[in-house]
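Remarks on the structure that follows.
Residue numbers (our numbering), protein chains in the order written: chain A, 6 to 119; chain B, 65 to 259.
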């Protein structure tokens with residue numbers, strides 16, 4: 006399952022239980038982010054034990070994008086059965102901040118900072 | 065009539081490095097103009113890097129001076145959020161230009177964004193500003209995330225909160241109300257980043 010434009014791509018690989026986000030996300034709000042949120046929610050619904058969200062190659066995320074990720078994480082929190090892992094670069098401060106903020110919302114979120 | 069919230073300082077026409085951009089509200093529909101926010105923010109962030117790198121080179125010759133290099137991401141994020149807010153909340157019937165300016169001082173970078181705002185939106189916006197000023201912003205940030213997650217339509221406030229909490233920005237506002245037949249209101253948002 007893949008959403009791709011010239012600015013970004015969000016790809017769900019069901020066989021490896023990974024969602025990979027690349028590029029720059031500066032969409033205008035809830036409506037424009039809906040397909041991405043749907044993809045994330047579908048991935049979470051389909052995976053029974055673990056899901057990895059990889060944002061290493063995400064270059065930029067606006068506040069509506071942060072809102073999308075926080076909505077997703079709150080939904081996963083309600084599921085309780087899925088182990089979510091987030092992967093980012095430890096050398097990119099905004100990625101570290103994003104993932105730590107998400108971990109505050111979902112304390113069971115595992116962080117892998119490469 | 066003016067209303068000030070926070071430590072608002074009037075923009076000075078002095079000898080700092082500065083740049084001013086003007087965006088005309090009516091030239092294209094918002095959806096098509098949206099792309100311009102990111103492009104403008106990229107340009108502003110790239111433009112400022114010249115001065116930060118130049119300053120760092122000067123400081124390298126002075127061992128006692130700190131090396132202030134705000135990340136390109138921080139500048140792009142702040143510039144983009146300010147432009148997005150101005151575009152989303154400006155009154156498209158007012159025909160007022162949205163004005164974006166930044167000034168680079170030795171110890172801080174200051175943004176000023178002025179846009180029109182619909183008079184009926186002023187009260188809600190000012191109520192949110194008062195909340196921002198009187199409550200612990202990190203708590204407010206996470207409470208907003210939680211309530212946004214549970215409410216399909218809400219996305220407001222997260223941009224300003226993320227600037228304060230994630231980028232240590234200091235924000236203040238000036239509202240100006242002109243007494244004409246239409247009651248035009250403009251708001252200037254001032255954001256300060258230590259460098």
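Cβ atoms here follow ideal geometry from the backbone N, Cα and C, with glycine treated the same way.
Pull out every residue of the region 81 to 104 of chain A whose Cβ sits closer than 7 Å to any Cβ of chain B, in chain order. 98, 99, 102
Determine whether the Cβ of residue 110 of chain B lies closer than 8 Å to any Cβ atom of chain A. As a first step, residue 110 of chain B is located in the second chain; it is residue number 46 there, counting from the start. It does not; no Cβ of chain A falls within 8 Å.
Among the residues of its own chain, which have a CB less than 7 Å from the CB of residue 101 of chain A, if the five just before and after it don't count? Taking the first residue of the first chain as 1, we reach residue 101 of chain A at position 96. 93, 95, 118, listed in sequence order.
Starting from residue 72 of chain B, trace the alpha helix (DSSP H) in both directions and tell me its first and last residue. Here residue 72 of chain B refers to the residue found at position 8 of the second chain. Run containing residue 72 of chain B: none; DSSP gives neither H nor E here.
Grouping DSSP H, G and I as helix and E and B as strand, with all else coil, what is residue 18 of chain A? Within the first chain, numbered from 1, the residue matching residue 18 of chain A stands at position 13. Here residue 18 of chain A sits in strand by DSSP.
Using the Cα positions of residue 108 of chain B and residue 185 of chain B, report the straight-line distance between them to the nearest angstrom. Looking up residue 108 of chain B in the second chain gives position 44. Looking up residue 185 of chain B in the second chain gives position 121. Using only the alpha carbons, I get a separation of about 29 Å.
Ordered along the chain, which non-local residues of its own chain (more than five positions away) have a Cβ less than 7 Å from that of residue 150 of chain B? By one-based count along the second chain, residue 150 of chain B stands at place 86. Result list for residue 150 of chain B: 162, 177, 179, in chain order.
Apply the 10 Å Cβ neighbour rule to residue 85 of chain A and answer buried if 16 or more other Cβ atoms are within range, or exposed otherwise. As a working mapping, residue 85 of chain A is identified with position 80 in the first chain. By the neighbour-count rule (16 or more Cβ atoms within 10 Å), residue 85 of chain A is not buried but exposed.
When the cut-off is 8 Å and only beta carbons count, does residue 8 of chain A lie next to chain B? For this step, residue 8 of chain A is matched to residue 3 along the first chain. Answer no: the Cβ-Cβ gap between residue 8 of chain A and chain B never drops below 8 Å.
Residue 41 of chain A to residue 210 of chain B span [Cα, whole Å]: The sequence position of residue 41 of chain A within the first chain is 36, counting from 1. The sequence position of residue 210 of chain B within the second chain is 146, counting from 1. Going by the C-alpha atoms only, they are around 19 Å apart.
Does the separation of the CB atoms of residue 22 of chain A and residue 56 of chain A fall below 8 Å? In the first chain, residue 22 of chain A corresponds to position 17, counting from 1. In the first chain, residue 56 of chain A corresponds to position 51, counting from 1. Cβ distance < 8 Å, so residue 22 of chain A and residue 56 of chain A count as in contact.
In this structure, does DSSP put residue 234 of chain B in helix, strand or coil? Counted from its first residue, the second chain places residue 234 of chain B at position 170. Correct three-state label for residue 234 of chain B: strand.
So residue 27 of chain A is in the beta strand (DSSP E); what residue range does that whole segment cover? On the first chain, residue 27 of chain A is found 22 positions in, with the first residue counted as 1. Its beta strand (DSSP E) spans residues 23 to 30.
Return no unless some Cβ of chain A is closer than 8 Å to the Cβ of residue 116 of chain B. The residue you call residue 116 of chain B lines up with position 52 of the second chain. Judged by the 8 Å Cβ criterion, residue 116 of chain B is not in contact with chain A.
Give the single residue among A/98, A/97, A/99, A/76 whose Cα lies nearest to the Cα of residue 111 of chain A. Numbered from its first residue, the first chain carries residue 111 of chain A at position 106. Closest by alpha carbon: A/76.
If you reduce the DSSP assignment to three classes, tell me which class residue 60 of chain A lands in. Along the first chain, one-based indexing puts residue 60 of chain A at 55. Correct three-state label for residue 60 of chain A: coil.
Any beta-carbon of chain A closer than 8 Å to the one on residue 58 of chain B? No statement about residue 58 of chain B is possible, as the shown extent of chain B runs from 65 to 259 and does not include it.
Taking DSSP's pairing of strands, which residues face residue 239 of chain B in a bridge? Indexing the second chain from 1 puts residue 239 of chain B at position 175. The partner list for residue 239 of chain B (beta bridge, DSSP) reads B/67, B/251.
Going by beta carbon distance, what residues of the same chain come within less than 8 Å of residue 197 of chain B, once the five residues before and after it are set aside? Along the second chain, one-based indexing puts residue 197 of chain B at 133. Same-chain partners within the cutoff: 69, 70.
So, under 8 Å CB-CB, residue 49 of chain A and residue 90 of chain A are touching, yes? Tell me the CB distance rounded to an integer number of Å. Here the question's residue 49 of chain A lines up with position 44 in the first chain. Here the question's residue 90 of chain A lines up with position 85 in the first chain. About 12 Å; that fails the 8 Å criterion.
Under 8 Å, Cβ to Cβ, is there at least one residue of chain A near residue 195 of chain B? As a working mapping, residue 195 of chain B is identified with position 131 in the second chain. No, no contact with chain A.
Residue 145 of chain B, buried or exposed, once every other Cβ within 10 Å from all chains shown has been counted against 16: Taking the first residue of the second chain as position 1, residue 145 of chain B is located at position 81. That one is buried.
Taking residue 249 of chain B as the reference, give the member of B/147, B/83, B/85, B/153 with the closest Cα. Taking the first residue of the second chain as 1, we reach residue 249 of chain B at position 185. When only C-alpha atoms are compared, the closest one is B/153.
Using a Cβ-Cβ cut-off of less than 9 Å, give me the residues of the region 64 to 79 of chain A that come near chain B, in sequence order. 64, 65, 66, 67, 68, 69, 71, 72, 75, 76, 77, 78, 79
Residues of the region 7 to 35 of chain A whose Cβ lies closer than 9 Å to any Cβ of chain B, in chain order: 12, 29, 31, 32, 33, 34, 35
What residue range does the alpha helix (DSSP H) around residue 198 of chain B cover? Taking the first residue of the second chain as position 1, residue 198 of chain B is located at position 134. Start and end: 183 to 198.
Neighbour-count burial assignment, residue 86 of chain B, 16 or more Cβ in a 10 Å radius: Within the second chain, residue 86 of chain B is the residue found at index 22, counting from 1. Classification for residue 86 of chain B: exposed.
Assuming residue 33 of chain A and residue 98 of chain B are in contact, meaning their beta carbons sit under 8 Å apart, how far apart are those beta carbons, in whole angstroms? Within the first chain, numbered from 1, the residue matching residue 33 of chain A stands at position 28. Within the second chain, numbered from 1, the residue matching residue 98 of chain B stands at position 34. The pair is a contact, with the Cβ atoms about 5 Å apart (cut-off 8 Å).
Chain B residues whose Cβ lies nearer than 9 Å to that of residue 110 of chain A: As a working note, residue 110 of chain A is residue 105 in the first chain. Ordered by position in chain B, the residues that pass the 9 Å Cβ test against residue 110 of chain A are 206, 209, 210, 213.
Alpha helix (DSSP H) runs wholly inside the region 42 to 102 of chain A, at least 4 long, in chain order: 68 to 84
Is it true that the CB of residue 103 of chain A sits closer than 8 Å to the CB of residue 71 of chain A? As a working mapping, residue 71 of chain A is identified with position 66 in the first chain. As a working mapping, residue 103 of chain A is identified with position 98 in the first chain. The answer is yes: Cβ separation under 8 Å.
State the DSSP-derived secondary structure class of residue 80 of chain B, mapped to helix, strand or coil. In the second chain, counting from the first residue as 1, residue 80 of chain B sits at position 16. Of the three classes helix, strand and coil, the one that applies to residue 80 of chain B here is coil, per DSSP.
Restricting to Cα atoms, I'd like to know which of A/14, A/113, A/88, A/106 is closest to residue 38 of chain A. Taking the first chain and counting its residues from 1, one reaches residue 38 of chain A at position 33. Ranking the options by Cα distance to residue 38 of chain A, first place goes to A/14.
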